[in-house]
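Following this note's numbering, the numbering of the sequence shown begins with 1 at its first residue and continues without gaps.
Structure record follows, encoded as structure tokens.
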Amino acid sequence: MSLIEFPEDWNSALVVVAHPDDVEYPGAAPFARWTAQGKKIVYLVASRGEAGIDTMPPEECAALRVAEQIAAAAEVGVHGVEFLGHPDGMIEYGLGLRRDIAARIRRHRPELVVIGSHREFSGNGMLNMADHRAVGQAALDAVRDAANRWVFRDLPEEPWSGVRYTALLGSPDNTHAVDVEEWFEAGVRSLLAHRAYLETLGTSRDAVEAMLRKFSMDVASQFDGRPGVGFEML
């Protein structure tokens with residue numbers, strides 16, 4: 001199946017993921033392309049990644065991973081990064097998570113919401129993490145919640161029904177793609193900004209570049225030969 005060109009007739013996006021680095025592993029290059037077009041993009045991260053480094057206490061790890069995520073976002077021109085503080089590794093789907101995400105949708109009023117995939121399997125064929133599934137499903141529901149004035153009536157922000165597109169990042173069932181050849185290196189730099197995290201995994205710069213190159217060429221095989229990052233448009 002051929003992938004469809006991702007629409008770009010929008011001006012603002014909210015990107016909702018579970019952990020620091022969840023944007024960068026599938027590939028942050030599309031966000032470099034879009035910020036270069038003048039689009040406003042905000043990352044919303046449900047946790048602070050505090051359970052991500054086995055050899056580091058959670059409190060120390062959280063501060064490090066927050067800083068690395070902010071640096072990673074800056075590499076692709078994203079300067080708005082927010083953290084909800086849900087417990088890394090133990091995020092639960094529920095009204096609290098939906099409410100937190102809906103509040104940010106109402107506040108930022110995006111036309112596009114990009115969500116870390118909630119599918120059972122991730123784009124690389126591995127079983128998807130519980131946090132990813134919980135946050136992904138909650139974010140999908142929060143798009144509708146944000147538009148309904150009778151849901152979460154205690155929130156101070158006005159309802160927002162202006163979300164035109166909702167897309168999954170890291171899905172095994174991509175329908176659309178973004179040409180990222182010109183922005184590929186920005187995506188590599190963005191993932192490399194998670195320096196301490198990558199060091200604990202023993203992941204080198206060459207390995208990062210090779211992985212992201214493989215992902216982009218896998219997309220190219222369904223995208224007229226153009227290196228890209230895939231999305232599942234809902």
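Heads up, the beta-carbon is just placed ideally off N, CA and C, and yes, glycines get one too.
Test item: CB-CB of residue i and residue j under 8 Å
{"i": "P110", "j": "A13", "result": "yes"}
{"i": "D5", "j": "V42", "result": "Note that residue 5 is Glu in the sequence shown here, rather than Asp. Result no, Cβ atoms of E5 and V42 do not sit closer than 8 Å."}
{"i": "I91", "j": "L168", "result": "no"}
{"i": "L191", "j": "E24", "result": "yes"}
{"i": "D100", "j": "S47", "result": "no"}
{"i": "H194", "j": "E8", "result": "no"}
{"i": "G170", "j": "S122", "result": "yes"}
{"i": "R106", "j": "L155", "result": "yes"}
{"i": "A139", "j": "V163", "result": "no"}
{"i": "G27", "j": "V208", "result": "no"}
{"i": "V66", "j": "F31", "result": "no"}
{"i": "V143", "j": "T166", "result": "yes"}
{"i": "F231", "j": "N148", "result": "no"}
{"i": "R98", "j": "D145", "result": "yes"}
{"i": "P20", "j": "G38", "result": "no"}
{"i": "L127", "j": "L84", "result": "no"}
{"i": "V135", "j": "V15", "result": "no"}
{"i": "A186", "j": "A29", "result": "yes"}
Unbroken alpha helix (DSSP H) run spanning residue i, endpoints
{"i": "D88", "result": "Element bounds for D88: n/a, residue is neither H nor E."}
{"i": "Y25", "result": "Element bounds for Y25: n/a, residue is neither H nor E."}
{"i": "S190", "result": "F184 to L192"}
{"i": "E68", "result": "P58 to E75"}
{"i": "Q137", "result": "A130 to A147"}
Option in the options with minimal Cα separation from residue i
{"i": "I53", "options": "M129, A196, G187 and A220", "result": "A196"}
{"i": "A103", "options": "E157, L234, E232 and T35", "result": "E157"}
{"i": "R189", "options": "M1, T35 and A72", "result": "A72"}
{"i": "R133", "options": "H118, D141 and V219", "result": "H118"}
{"i": "N124", "options": "P20, S2 and L212", "result": "L212"}
{"i": "A18", "options": "A36, S2, M129 and K39", "result": "M129"}
{"i": "G89", "options": "A51, L95, H79 and G80", "result": "A51"}
{"i": "L201", "options": "L234, A29, T55 and M1", "result": "T55"}
{"i": "G94", "options": "Q137, H108 and G80", "result": "Q137"}
{"i": "P172", "options": "M233, T35, V78 and A36", "result": "M233"}
{"i": "F184", "options": "S161, P159, M217 and T203", "result": "M217"}
{"i": "H108", "options": "K40, A36, E182 and T35", "result": "K40"}
{"i": "E182", "options": "R33, N11 and M1", "result": "R33"}
Reduced DSSP category for residue i - H, G, I as helix; E, B as strand; rest coil
{"i": "F6", "result": "coil"}
{"i": "G230", "result": "strand"}
{"i": "D179", "result": "strand"}
{"i": "A51", "result": "coil"}
{"i": "L198", "result": "helix"}
{"i": "T166", "result": "strand"}
{"i": "L97", "result": "helix"}
{"i": "F223", "result": "coil"}
{"i": "F152", "result": "coil"}
Continuous beta strand (DSSP E) stretch holding residue i: start and end
{"i": "F83", "result": "G80 to F83"}
{"i": "I115", "result": "L112 to G116"}
{"i": "V17", "result": "S12 to V17"}
{"i": "K40", "result": "K40 to V45"}
Can you find at least 3 beta carbon pairs, one from the stretch 168-184 and one from the stretch 59-69, that sit closer than 8 Å? The stretch 168-184, when compared against the stretch 59-69, does not touch it at the 8 Å Cβ threshold.
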